[in-house]
Structure formats: C-alpha cells, structure tokens
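Colleague: Following this message is one structure expressed as structure tokens.
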Amino acid sequence: MGGVTTLFNTFAFPVALCILLLWFIYKKIWTRIETTLDRVTKTNQELSESNKILLEKMDCRITKVDTKVDGVDKKVDLLINKIN
C-alpha cells in the first residue's frame, strides 16, 4: 500500500497537475489568439476594401491620362503632317 501512495505522490499527482496547468494555459492563450486573429481578419478585410477603392480611382485616372495622351499624339501627328 505504501508503494502505491509513493507512486501516486511522486508521479501521478504531479503529472495530473501539469496536465491541468497546461489545459488552463491553453484555454487562456487560445482565447487571446482567437481574439487577435479576429482583429487581424477584420483589418485585412478593411484594407482589401480600401485597396479596391484606390485601384478603381487609379484606373479612372489612368484612363483620363491615356485619353489626353492620345489627343496629344493626334495633334503631334497633324503638326508633323503640316510641316512635311
């Protein structure tokens, strides 16, 4: 009987406490990790929307610049034809 008590005191009880401690730490840390991941996901979604809007504006501006360059190109061609 003394051997079982000694085994329990020296092995089983400390192992059980370690497992309990690890479970407690896991629960606390996992909650924080989930919260952080939720915030990161929300931030990424906001950045994605912001980038989409910026890209649309940039595309519109590039189209305007392209139209102006085409107009200048036509005027240059007309001037070259007049000179020749």
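Residue numbers (numbering that gives the first Met the number 0): 0 to 83.
Ideal placement from N, C-alpha and C gives every residue a C-beta, glycine not left out.
Three-state secondary structure (DSSP) at residue 83?
Modeller: Of the three classes helix, strand and coil, the one that applies to residue 83 here is coil, per DSSP.
Colleague: What separation, rounded to the nearest whole angstrom, lies between the Cα atoms of residue 3 and residue 20?
Modeller: Each residue's Cα considered, the two are about 24 Å apart.
Colleague: Ignore the nearest five residues each way along the sequence and tell me which others in residue 29's own chain have a CB closer than 7 Å to its CB.
Modeller: So the list is empty, once near-sequence residues are dropped.
Colleague: Suppose you measure from the CA of residue 58 to the CA of residue 17; what does that come to, to the nearest Å?
Modeller: Residue 58 and residue 17: Cα-Cα distance of roughly 59 Å.
Colleague: Between the alpha carbons of residue 10 and residue 48, how many angstroms are there, rounded?
Modeller: Whole-angstrom Cα-Cα distance: 56 Å.
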